[in-house]
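Below is one structure, written out as structure tokens, with a few remarks after it.
Residue numbers (the numbering used here): 1156 to 1294.
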């Protein structure tokens, strides 16, 4: 696991082929697109939000296909997480909302043919505000 705690301003994007990248600030992932998962192999890739309180991430996120490993986003602390960027689901995405009372919101478009699966015992809410076009289903 690698955790980025600083306010990063790089714009070239971030590729997470395997392992876990933790975020300690809402700008930890820089300003570019985040590519989650590898295109081959079986490694799992995770973004883990460790920041308590409310936070907003502006990154576009592309969940890549090809790897049989799980691509996931986890939220381990109480608070509201908002994504203003788009999600492209070329592969399947697993959301783990843990047990904390959380709110998950997306305002960007979710597109692609991948699916989304939600898990955890959180008592929070989930909201999708974009004109979503993904076709892979939600569970």
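By construction, the Cβ of each residue, glycine as well, lies at the ideal position given by its N, Cα and C atoms.
All values reported here derive from a predicted model rather than from experimental measurement.
Rounded to the nearest whole angstrom, the CA to CA distance from residue 1239 to residue 1189 is 13 angstroms. Per the C-alpha coordinates, the member of 1256, 1162, 1206 and 1269 positioned closest to residue 1244 is 1269.
A straight line joining the alpha-carbon of residue 1255 with that of residue 1202 spans about 17 angstroms.
Looking at the DSSP output, residue 1177 bridges to 1158 and 1203. With distances taken between CA atoms, residue 1161 lies nearest to 1179 out of 1175, 1179, 1173 and 1172.
Taken atom to atom, the span from the alpha-carbon of residue 1258 to that of residue 1209 is near 9 angstroms. Residue 1278 has no beta-bridge partner at all, per DSSP. With a beta-carbon spacing of about 19 angstroms, residue 1285 and residue 1247 fall beyond the 8 angstroms limit used to define contacts.
Per DSSP, the beta-bridge partners of residue 1258 are 1235 and 1280. Taking the Cα positions, residue 1236 is about 11 angstroms away from residue 1213. Within the same chain, 1181, 1237 and 1239 come within 7 angstroms of residue 1211 by CB-CB distance, once the 5 residues on both sides are set aside. Between residue 1223 and residue 1194, the C-beta gap is not smaller than 8 angstroms, which leaves the two residues out of contact. By DSSP's assignment, residue 1251 forms a beta bridge with 1229 and 1274.
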